[in-house]
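These notes are about the structure you will find just below.
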Amino acid sequence: VLDTSVLISALKTKNPKRSPAWRVLKALRTGEITNFISKEIAEEMQEKLLVIGDEVGRPNVADYILTLVLNKSIMVRPRRKFSDDPEFLKNLRDPNDAKFFDVAYVKKVDYIISENTKHIVQMRDEATKTYRFDGRK
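Residue numbering for the sequence shown follows this note's numbering, beginning at 1 and increasing consecutively.
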């Protein structure tokens with residue numbers, strides 16, 4: 001599951017050839033990785049990319065990134081919503097990030113790819129570098 005922070009990093013980078021975010025997007029484009037999104041994730045990506053694209057003077061790049069991610073991702077409808085779980089939200093600094101965990105949980109993904117070290121990464125078990133949901137990794 002790609003976090004929006006990866007897309008924003010790709011948009012803002014000055015050197016796409018050296019950018020880890022652009023490497024991730026290339027892997028998505030070529031099918032090397034599979035990404036899952038929900039309606040809520042797609043809406044956040046669209047909102048943030050288009051605004052930031054205008055702010056940094058790169059609206060065409062923002063549109064390219066958004067189109068790539070939407071076309072190459074698999075849409076899911078998570079039934080389990082961590083945003084409804086007060087115990088989970090207590091540990092998450094930004095409740096808006098719960099939607100990424102919703103998708104990760106329902107698809108049993110191997111990774112959440114993020115540059116958001118303040119919110120997403122702080123939820124993992126540092127010893128194993130994994131996330132646990134209801135006793136399941």
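Every residue, glycine too, gets a C-beta built ideally from N, C-alpha and C.
Just so you know, these numbers come straight off a predicted model, no measurement behind them.
Beta-bridge pairing of residue i - partner residues as DSSP gives them
i: Phe101; result: Phe101 is not bridged to any residue.
i: Ile73; result: The question names Ile, yet the displayed sequence has Ser at residue 73. DSSP, once it has assigned bridges, lists Asn35 as partnering Ser73.
i: Leu25; result: In DSSP, Leu25 forms no bridge with anything.
Presumed contact (8 Å Cβ cut-off) between residue i and residue j, rounded CB distance
i: Phe36; j: Val1; result: 6 Å
i: Leu11; j: Gly57; result: That pair is no contact at about 11 Å.
i: Leu7; j: Val109; result: The pair is not a contact, with the Cβ atoms about 17 Å apart (cut-off 8 Å).
C-beta atoms of residue i and residue j nearer than 8 Å
i: Val106; j: Ile41; result: no
i: Lys72; j: Arg29; result: yes
i: Val76; j: Ser114; result: no
i: Ser19; j: Thr13; result: yes
Reference residue i; option with closest CA among the options
i: Tyr64; options: Ile74, Pro78 and Leu49; result: Leu49
i: Arg79; options: Leu70, Thr4 and Lys99; result: Lys99
i: Asp97; options: Leu70, Glu44 and Pro59; result: Glu44
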